[in-house]
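Worksheet: one structure, shown below.
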Amino acid sequence: MRKFKGEIMLFASAFLFAASGIPAKLLLAQDLTAFRLTQVRCLGAFVLLVTYLLIRNRRSLLMTKKEIPFLLAYGIIGFAGVQAAYFFAIGRMELSIALVIEFTAPIWITFYVRYIQKRYVASTMWWAIALAFIGLTLVAQIYRGMTVDGLGFVVALADAFALAAYFLMGEQGVKTRSSTSLTTYGFGVATLFWFFVLPVWNFPFEIFTQQIPLSGISDSTLPGWVLLTYMILAGTIVPYLCVLNGIRFISASQASLIGMLEPVIAGFLAWFALSEQLAPIQLLGGAIVLAGIYLAERSRQTSHNALN
């Protein structure tokens, strides 16, 4: 199992990110905007993580002047930027198209690694990316006559670049910092960003005590704070830490490729929990994504053997 520790971390991250889509849908149905939900996630995650580090390992929060530009860029691009661009894009175009464009990130990462960093990339990695991307387009069903908004496309592409930067900067950051402290700074910078964009005094605080119907799951309700707590813990802190811990063992390109599982898993969970329908072509697409990820694992072994 230790041999696949990185892959297990990234699979867990993809599952938890996907699973958070269910409580997110329930909260968004109560007129809580996606931007406000992101603000709560970032603030809640930052407060809990910084409290934990102040108690357990406050020295890990120390930073040098040299680190400040990197940490600011990491938080603004990798945390605030990815989320802000994603929500802007889905406001201008179909969610499925925005997702497919966002998850071109593994392509840009691999190009960067091969042609900018001049590092070896096994030929099977290119095939793995192609397979996973084709599978994702089938899951998203982008062939159903959808139109693409020009500005939405540009922002979605910027989101893909930001996501690529998140993985690449994370790969670099964990070489000198713990995953927990790096994630804490990422959420801290993102929290400041959302405070400037969305003043906290306008926040709809009634969402915390509001009873949220568990539509499609059961006939009962839960107070908003329960769903928000789940979103902060299981839907934000744990999966983000899993990503950074996973990148310690596998490359950023492979990590981002495993991230393509997120919309696939989300579709299956929505089918199971919310009774949303999956077409046979979407099931085939999910299988193709898995085949691409398997091929990426073979690529990692090839690269390891080539370097040795």
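Residues in the sequence shown are numbered consecutively from 25, following the numbering used here.
C-beta atoms are modelled at their ideal positions from N, C-alpha and C, and glycine is treated no differently.
In this text, all values refer to a predicted model and were calculated from it rather than measured experimentally.
8 angstroms contact criterion, which residue i and residue j should meet: CB distance rounded
i	j	result
residue 277	residue 130	6 angstroms
residue 285	residue 103	With 8 angstroms as the limit, residue 285 and residue 103 do not qualify as a contact, their Cβ atoms being about 21 angstroms apart.
residue 123	residue 164	6 angstroms
residue 251	residue 51	6 angstroms
residue 320	residue 149	6 angstroms
residue 302	residue 316	Actually they do not touch by this definition, with Cβ atoms about 19 angstroms apart.
residue 214	residue 99	5 angstroms
Interface flag, residue i vs chain D, CB-CB below 8 angstroms
i	result
residue 134	Looking for chain D here will not work: only one protein chain is present.
Which listed residue (the options) has its alpha carbon closest to that of residue i
i	options	result
residue 267	182, 236, 197, 291	197
residue 97	212, 181, 68	212
residue 400	127, 285, 275	Outside the displayed range of the chain (25 to 332) lies residue 400, so it cannot be described from this structure.
residue 255	44, 81, 118	44
residue 202	112, 87, 109, 42	87
residue 92	287, 283, 210	210
residue 281	304, 133, 146	133
residue 56	153, 31, 308, 227	227
residue 239	53, 31, 42, 117	53
residue 41	287, 307, 296, 168	287
residue 296	215, 279, 308, 241	241
residue 166	118, 108, 225	118
residue 257	67, 49, 148, 27	67
residue 174	314, 138, 37, 121	121
residue 283	49, 128, 79, 65	128
residue 94	195, 262, 243, 141	195
residue 204	214, 261, 49, 322	261
residue 49	314, 263, 318, 259	259
residue 206	264, 135, 31	264
Contacts around residue i, its chain only, beta-carbon distance under 7 angstroms, and the 5 residues preceding and following it disregarded
i	result
residue 29	273
residue 332	With a pLDDT of 49 at residue 332, under the threshold of 50, the predicted position of this residue should be treated as unreliable, though the coordinate-derived value follows. The answer is none, since no qualifying residue turns up.
residue 312	155, 158, 159, 162
residue 112	179
residue 39	289
residue 106	183, 186, 187, 190
Nonlocal neighbours in the same chain, by C-beta distance under 8 angstroms from residue i, ignoring five residues either side
i	result
residue 208	70, 73, 74, 77, 85
residue 101	186, 189, 190, 193
residue 33	266, 267, 269, 270, 273
residue 222	59, 60, 63
residue 125	113, 177, 180, 181, 183, 184
residue 246	235, 236, 238
residue 307	none
residue 218	59, 62, 63, 66, 67, 104
residue 109	179, 180, 182, 183, 186
residue 90	none
For residue i, the first and last residue of its enclosing alpha helix (DSSP H)
i	result
residue 133	129-135
residue 183	174-197
residue 79	58-80
residue 33	29-43
residue 150	147-164
residue 118	First-last for residue 118: undefined, no H or E at that position.
residue 294	285-297
residue 209	203-221
residue 263	262-271
residue 92	92-97
residue 281	276-282
Range of the contiguous beta strand (DSSP E) that encloses residue i
i	result
residue 245	245-247
Residues bridged to residue i (per DSSP)
i	result
residue 235	247
Cutoff 6 angstroms; reference residue i; Cβ partners in own chain excluding five residues on either side
i	result
residue 304	none
residue 249	232
residue 138	145
residue 322	148
residue 309	159, 162, 163
residue 37	263, 266, 267
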